[in-house]
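> Numbering (our numbering), first residue to last: 470 to 591.
Got a structure for you, questions after.
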């Protein structure tokens, strides 16, 4: 099942918010991240990251850690990450039917527990 139009709007809004947050950060090297969960796809997550001053391989590594930790923390089956790289390029990563391990669960607590979650009526 695909996202409906309003969910796609929220997808773009969330991603733009993450990019803007990173652009407004004064550090030369920084990564901002967030997640979108949708009622229409309850076992699927959309992770958004925006990085500046960080090399491509590190962004890919961080993206995979965020993906697997999100699956563990939010009890998901699958997840996709869209990574903005210096507002010039994107990296996309996808994990399907992943079974998290203890390290993923620990990372989930570290990366996701502190985030503020907002519900948006669509």
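Ideal placement from N, C-alpha and C gives every residue a C-beta, glycine not left out.
Do residue 564 and residue 537 have their beta-carbon atoms positioned less than 8 angstroms apart in this structure?
Sequence index remark: in the chain shown, residue 537 carries index 68 (1-based). Sequence index remark: in the chain shown, residue 564 carries index 95 (1-based). Yes, the pair counts as a contact, with Cβ atoms nearer than the cut-off.
> Looking only at C-alpha atoms, which of 518, 498, 502 and 561 sits nearest to residue 584?
For the purposes of this step, residue 584 is taken as residue 115 along the chain shown, with counting starting at 1. Out of 518, 498, 502 and 561, 502 has the C-alpha closest to the C-alpha of residue 584.
> Short check: CB of residue 573 to CB of residue 540, under 8 angstroms?
Along the chain shown, one-based indexing puts residue 573 at 104. Along the chain shown, one-based indexing puts residue 540 at 71. Against a cut-off of 8 angstroms, the Cβ pair of residue 540 and residue 573 comes out as a contact.
> Under DSSP, the beta strand (DSSP E) around residue 549 begins and ends at which residues?
What you label residue 549 is simply residue 80 of the chain shown in a count that begins at 1. Looking at the DSSP string, the run of the beta strand (DSSP E) that includes residue 549 is 547–554.
> If you compare alpha carbons, which of 508, 483 and 500 is closest to residue 472?
Along the chain shown, read from residue 1 onward, the residue named residue 472 stands at position 3. Of the listed residues, the one whose Cα sits closest to residue 472 is 508.
> Identify which residue in 505, 492, 497 and 499 has its Cα closest to the Cα of residue 483.
Taking the chain shown and counting its residues from 1, one reaches residue 483 at position 14. Measuring from the Cα of residue 483, the nearest candidate turns out to be 505.
> Using the Cα positions of residue 531 and residue 582, report the straight-line distance between them to the nearest angstrom.
The sequence position of residue 531 within the chain shown is 62, counting from 1. The sequence position of residue 582 within the chain shown is 113, counting from 1. In a straight line, the C-alpha of residue 531 is about 17 angstroms away from that of residue 582.
> Nearest to residue 550 by CA position, among 529, 570 and 544, is which residue?
Position 81 of the chain shown, counted from the start, is the residue given in the question as residue 550. Checking every option, the nearest Cα to that of residue 550 belongs to 529.
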